[in-house]
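Residue numbers (mature numbering (1 follows the signal peptide of the UniProt record, and there is no 0)): -20 to -1, 1 to 1035.
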């Protein structure tokens, strides 16, 4: 992978790393310590594994975590199936493995269906035949499927949309790619049609494959026509069944009649409302079939039917399908074993039964399930805390987000037992010698079961995948997340593993799925799963701005071929939802991990910064993998997921915690200044387990500090004397009736008294300052976002007490430290300035007196008016109260809202280290060199990496250079460091989704891993086409062009 350079600098808040403990062998063996993790974290984490693993000839990719889990799961599934040959899954598997029986019958199972297509006398009869064949899953032009209503997610309605084509739409939309693939597609289509003996007597068509391709090219144009209609964006249309049949008599009326929908769906009548995702497509489709020839339509219907069943037929069909879909499209060189193919088909056709067999053969599921749900509850708590503390959410949107999170339903391990009975309806027994008949029976039974759900309540216990799946998903219209048992195994999950490993791997996966509820699709659905605008315009605009940052970042990555030639850029818009989930999941999982690791009795009480590295390594190694060039191109064209390398580096680049754990310098490739933060914090304060006080101790200093007044009575009296002396000095300086001799005598006396008062005050303040600096040391070493969370809490009553008990403690502790330090610092600075000011005035008076004596005239004294609000000079501090209108970009201004605290602005409470504009670290006045060096160390720690890579040290000015400066220079001298807040990005219009995706049914589930393919011959086409890619506008609501993908720039490859 290559990516665009991100130029700039950033701020690292990182305590010194603890002494490294040995990494687990399973982690260390995958690492390549010759790679700097701050340059390429993926290569650092996976380089050792990549060097020792190659893609098998029968695969299009190899993945460390998913393949390990899948292989272990396959072994259990195979054992369970073969040990119970009389079960449904056993019978289905046996029929699949009996290739002799499949070869004997050949294409005979399809004869009747194909012949009914050939015999159709007109287009209406043809569409009725197509509808009847669609009962087994072979869609043609139209797709009819029950699903939940957008406005009432608890009820199913009949949805009408366009049918899928042979390939993903993006292949047809890319002329360069289609040019190299169309010959393979037409050859495949002709092959399987010929294998069935399909023949149209007297037809004008010589090459049926060309007919198939021609029809699909026209259908994709119809889809694109509908998607480009701005009036149909985010809109669906409701018709009565009979109205739809009248409007679209062929593509809906005859088709639905052939499916026997009115007979199979008890709640469906001619007066039932049904939902169309688009009308433009069906209007044009109706015109297309009316104008097209009957023979062309017959060819296409026949192909769609045969292709739907090809993998369940004899070897010639299976081989033809492999050559095209896995050979040409994915680059695989040999077929998978029959055992693997048949096991996968069983899981696909009978997901509930296969999953139950898998779970029954794992003896660790009870312990594993309990450990998983405990972890998940911690993740949900961390997400809730995150939502409560995000500064860009307003109260209405925050309440909506919390309500949605609170109603989120979690299903894990396997579905309830009633789903087994539901799946078995109509399947009393299967024939272990008749594979096609079994498949046909299962699919027809599934269709009838679905038809019964039209108009019925949504079955919230239904799963979209088998328990025997190493995967997970979130569904927005039910607000549910599903975690199958197949994911709850090593290397994803080990109930006895450390918190860092558990949360770094499966914890991030789970956090990813939770975050999907708040991505660019999930955010359109409310707590009940209804399509509803629960965002205010302000927060929606901010969401788009932050999402646009992710689009731009991920679009700067691109895929590179094995020979080093650039293939394609990552589609930042297409992958936006997954990228939001990756970033949010990583942030949430890290916070949950730190909370557990720092909890008493957690078993991780000695959690160190090396454990933080282990957390991120566990995350990265989840995605270690290799893919063929063809598959990389396919991923760009069709996949909503970026490839693993991009997923790892992209999310890590946006994590302040990652940069701190590996001590990456500001501006390093993995620590860019302008991070993209959506469901996380832009600033990051570190709180180690020691600071959390989980070892049984507390902080007496903080406890005392929070109960005492900011100033004691003695301090107030001393300050009063100091200020009285100041006023007397100013009065003498401004007096016009006092002769110069008297003025000078009074000034000398007052100055000595002022200096004495200042010395006493300074000694006391410096003592207090040293005390507070120890407290600030703890606050500034915070290794979690507790301080940030605390700053966001206006009143403790607004948050559950059990969630913020520790936050309140540290809020008070750090608030006192900031106030007292700011007050002490301000007074010292003011004292230095007034002394220097008075010295200058006295010297001025002395010069004037000397001139008077020499010239015999009485010079007019230098007039200096008292400091006023508008003065550019700094007045003496007369009160610890600071105006609430003063702001700083360093921390949110929340202390002023606390009913129990004096209002102190962020600028003043951070005066210990921050003096001047936000983002500049100033050497506090009257501090020793060691004190200044301490302050610099807090913000710019010099810490060697625990895992390879060079030591990174923050530059520190020399002692001589500091002491050589003048007093005023000493006050204002600073070392420039970036602000905790990245520079705000320029606001641009950001689309919610691509226009085409808006037209698709929103209810499709989102899964973690993704596998798909593309032909090897298209690599050259992709290389050429991506050098100067077309800037096709991607539209948002209303069809307004919002973003154009930019061409990637060529940069040196990071290894």
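Even for Gly, the Cβ is constructed at its ideal location relative to N, Cα and C.
No experiment lies behind these values; they were computed from the predicted model shown.
Please list the segments of the beta strand (DSSP E) lying wholly inside the region 441 to 516, counting only runs of 3 or more residues, in order along the chain. 453 to 455, 460 to 464
Sheet register partners of residue 605 (DSSP bridge): 43
When you compare only the Cα positions, how much space is there between residue 345 and residue 321? 26 Å
Determine which residues share a DSSP beta bridge with residue 437 and list them. 135
Identity of the residues DSSP links to residue 390 by a beta bridge: 461
Nearest CA to the CA of residue 217: which residue from 166, 140, 716, 505? 140
Residue 128 - containing beta strand (DSSP E), residue span: 122 to 128
Taking buried to mean at least 16 other C-beta atoms within 10 Å of its own C-beta, is residue 721 buried or exposed? exposed
Spatially closest choice to residue 44 from 472, 502, 154, by CA coordinates: 472
Segment contact flag, the region 443 to 453 with the region 412 to 422, C-beta cutoff 8 Å, min 3 pairs: no
Cα-Cα, which of 630, 558, 324, 349 is closest to residue 51? 324
Kindly list the residues whose CB is nearer than 6 Å to the CB of residue 178, restricted to its own chain and excluding five residues on each side of it in sequence; keep chain order. 94, 282
Which residues share a DSSP beta bridge with residue 140? 124, 256
Can you tell which of 389, 429, 455 has the C-alpha that lies nearest to the C-alpha of residue 407? 429
Measure how close the beta-carbons of residue 6 and residue 600 come, nearest whole angstrom, since I'm counting them as under 8 Å. Actually they are not in contact, since the Cβ atoms of residue 6 and residue 600 sit about 13 Å apart, beyond 8 Å.
Among the candidates 326, 173, 723, 135, whose CA atom is the shortest distance from the CA of residue 437? 135
Label residue 464 either buried or exposed according to how many other C-beta atoms from any shown protein chain fall within 10 Å of its C-beta, with 16 as the threshold for buried. buried
Ignore the nearest five residues each way along the sequence and tell me which others in residue 994's own chain have a CB closer than 6 Å to its CB. Confidence at residue 994 is low in this model, with a pLDDT of 33, below 50, so its placement is unreliable and the value that follows should be read with caution. So the list reads 309, 610, 613, 614, once near-sequence residues are dropped.
Distance check for residue 504 and residue 339, CA to CA, integer angstroms please. 35 Å
Determine the burial state of residue 9: buried for a count of at least 16 other Cβ atoms within 10 Å of its Cβ, exposed for fewer. exposed
Within the region 276 to 319, note down every full alpha helix (DSSP H) run reaching 4 residues or more, in order along the chain. 295 to 301
May I ask you to report which of helix, strand or coil DSSP gives residue 566? helix
I'd like to confirm the pairing. Which residues does DSSP put opposite residue 217 in its beta bridges? 256
Rounded to the nearest angstrom, what separates residue 375 and residue 514 at their Cα positions? 11 Å
Identity of the residues DSSP links to residue 338 by a beta bridge: Residue 338 is not bridged to any residue.
Any contact of the region 637 to 655 with the region 616 to 627, i.e. 3+ C-beta pairs under 8 Å? no
Cross-strand partners of residue 549 (DSSP beta bridge): 538
So which of 102, 497, 53 has the shortest CA-CA distance to residue 271? 102
Heavy atom of the ligand ATP less than 7 Å from the Cβ of residue 349, yes or no? The ligand ATP is absent from the structure shown, which contains no ligands of any kind.
What is the rounded straight-line gap between the Cα of residue 500 and the Cα of residue 557? 6 Å
Return the Cβ separation of residue 333 and residue 109 in integer angstroms, given the expectation that the two are a contact with Cβ distance under 8 Å. Contact flag wrong, Cβ pair sits at about 32 Å.
Apart from the five residues just before and just after residue 624, which ones in its own chain have a Cβ nearer than 6 Å to its Cβ? 603, 605
Among 200, 520, 498, the one whose alpha carbon lies nearest that of residue 147: 200
Beta carbon of residue 286 nearer than 8 Å to that of residue 172: yes
By a C-beta neighbour count over all protein chains shown, 10 Å radius and 16 as the cutoff for buried, is residue 169 buried or exposed? buried
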